[in-house]
Amino acid sequence: MTMFNIGDKVSVLDEDFSGVVVGFQNNQILIETEDGFKMAYSASELIKEQDISDLNSFTSSQNINQILKEKELPKKRSFEKEKKSRKDEFVLEVDLHIEKLVPNKRGMSNFDILNLQMETAKRQLDFAVKNRMPKVVFIHGVGEGVLKAELDFLLGRYEGISFQDANYQKYGLGATEVYIKQNPNR
Numbered sequence: 013m014t015m016f017n018i019g020d021k022v023s024v025l026d027e028d029f030s031g032v033v034v035g036f037q038n039n040q041i042l043i044e045t046e047d048g049f050k051m052a053y054s055a056s057e058l059i060k061e062q063d064i065s066d067l068n069s070f071t072s073s074q075n076i077n078q079i080l081k082e083k084e085l086p087k088k089r090s091f092e093k094e095k096k097s098r099k100d101e102f103v104l105e106v107d108l109h110i111e112k113l114v115p116n117k118r119g120m121s122n123f124d125i126l127n128l129q130m131e132t133a134k135r136q137l138d139f140a141v142k143n144r145m146p147k148v149v150f151i152h153g154v155g156e157g158v159l160k161a162e163l164d165f166l167l168g169r170y171e172g173i174s175f176q177d178a179n180y181q182k183y184g185l186g187a188t189e190v191y192i193k194q195n196p197n198r
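Whatever position you read off the sequence shown (first residue = 1), add 12 for this note's numbering.
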């Protein structure tokens, strides 16, 4: 674990600003930003500026072309189609786990991840409504319930759909089943 001293230049991880250590309070490190604001962070949220230069020298020694190639890999589809038999209805399954949506989540904040998951859910739901699909299953996982709560809020804003927890035997606790009522006059 990195020790911090008053006067150390530090950057805040997952945020785009830095500052100088000015004190310590309740297991938190007080920093003064370049704009003169004083803020408190835990040691795990900060990195010393010299450590950043060590990190930069490490990454610059890696093959830049290899990193660029990884970024150009085609993105995997974010949903799986399932058809049991001809008489069964088509079910669009949308896996909202971030690992299924992007090849690498490094550098993404929790806010960015949740936004991407919700945009994906909305886009897939709009696709299902437009294509008159009767049912969609969103796989969100259990976790702390933030994604499920946001998903429930999004689904509550749509008219003509109902939703409930998906089949426990098939999906466990981490999925929501959406039924789209089709308007015959469309």
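Backbone N, C-alpha and C define an ideal beta-carbon position, used for all residues, glycine too. In this text, all values refer to a predicted model and were calculated from it rather than measured experimentally.
As the crow flies, the alpha-carbon of L185 is around 14 Å from that of L163.
In the three-state scheme derived from DSSP, where H, G and I count as helix and E and B as strand, V154 is classed as coil. Closest option to A133, judged by alpha-carbon separation, among E171, I151, N143 and G157: I151. A Cβ-Cβ separation of about 5 Å places A178 in contact with V149 under the 8 Å criterion. By DSSP's assignment, D177 forms a beta bridge with T188.
Measuring C-alpha to C-alpha distances from M145 to each of S54, D26 and E189 identifies E189 as the nearest. Per DSSP, reduced to three states, the secondary structure at D124 is helical.
Straight through space, the alpha carbons of F36 and D107 are spaced by roughly 43 Å. For K182, the closest alpha carbon among the candidates E111, N116 and E105 is that of E105. When DSSP reads this structure, T132 sits in no beta bridge, so it has no partner. Judged by beta-carbon spacing, I59 lies beyond the 9 Å limit of A52, meaning their Cβ atoms are not closer than that value.
Counting C-beta atoms within 10 angstroms of its own C-beta, L159 has 16 or more neighbours from the protein chains shown and is therefore classed as buried. Contact between F16 and V33 holds: CB atoms are separated by about 5 Å, below the 8 Å threshold. Annotation for I110: the continuous alpha helix (DSSP H) segment containing it runs I110 to L113. Secondary structure note for E44: its beta strand (DSSP E) is the uninterrupted segment Q40 to T45. Counting along the chain, the unbroken beta strand (DSSP E) around I59 starts and ends at L58 to K60.
Taken atom to atom, the span from the alpha-carbon of N143 to that of I110 is near 25 Å.
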